[in-house]
Amino acid sequence: MATLKYSRQRESIREFVMNSKEHPTADTVYAGIKADFPNISLGTVYRNLSLLVDLGEIAKITTGDGPDRFDCNTKPHSHFICTQCHSITDIEADEFDCMKEKVAESFDGKITGHMTTFYGVCKECLEAKKIKKTS
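Residue 902 is where the sequence shown ends in our numbering, and the numbering goes up by one at each step.
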């Protein structure tokens with residue numbers, strides 16, 4: 768592969784994702800760096816996010832019913848997606864490694880990774896619902 772030319776915009780996009788704990792969308796990244804790069808286009812943000820995913824520097828989370836989100840944690844882990852507020856939370860659990868090994872025993876190929884996503888209602892949305900009912 769050819770050497771990738773340094774880009775201040777790409778580095779800013781990468782830093783934004785790396786410093787975010789919220790699994791930002793491309794639109795969020797765009798809004799977050801627009802002040803530093805007023806001439807940047809949303810297309811440039813999308814292209815650079817895709818490139819960073821291809822390079823393995825960030826991970827893409829496909830939510831199914833909303834825009835893709837991006838994660839600075841590229842190590843195997845799972846996510847919880849709230850079906851009400853669409854927040855995404857990382858889930859770290861050793862049991863997933865055991866599950867991967869178990870699946871590998873009955874699979875004739877080589878498993879190089881996995882993605883597990885849980886869906887439900889987050890604590891904040893549950894509490895907000897309780898408050899609404901009591902009001």
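Ideal Cβ positions, reconstructed from N, Cα and C, are used throughout, including at glycine.
Please read these numbers as outputs of a predicted model, since none were measured by experiment.
Could you check if residue i is buried or exposed, using at least 16 other CB atoms within 10 Å of its CB as the buried criterion?
i, result
"residue 846", "buried"
"residue 838", "buried"
"residue 775", "exposed"
I think residue i touches residue j, with their Cβ atoms under 8 angstroms apart; what is that distance to the nearest whole Å?
i, j, result
"residue 816", "residue 793", "6 angstroms"
"residue 826", "residue 840", "7 angstroms"
"residue 835", "residue 844", "The Cβ separation is near 17 angstroms, so there is no contact."
Look at the alpha carbon of residue i and the alpha carbon of residue j, and state the distance between them as a whole number of angstroms.
i, j, result
"residue 877", "residue 891", "39 angstroms"
"residue 821", "residue 854", "24 angstroms"
"residue 887", "residue 849", "5 angstroms"
"residue 828", "residue 893", "24 angstroms"
"residue 831", "residue 771", "31 angstroms"
"residue 889", "residue 896", "11 angstroms"
"residue 871", "residue 880", "11 angstroms"
"residue 851", "residue 869", "33 angstroms"
"residue 883", "residue 898", "31 angstroms"
"residue 875", "residue 862", "22 angstroms"
Practice problem: Check whether the region 768 to 780 touches the region 798 to 815, taking contact to mean three or more Cβ pairs, one atom from each stretch, closer than 8 angstroms. | Solution: yes
Quiz prompt | Length-filtered (3 minimum) beta strand (DSSP E) runs lying within the region 866 to 896 | solution = 884 to 887
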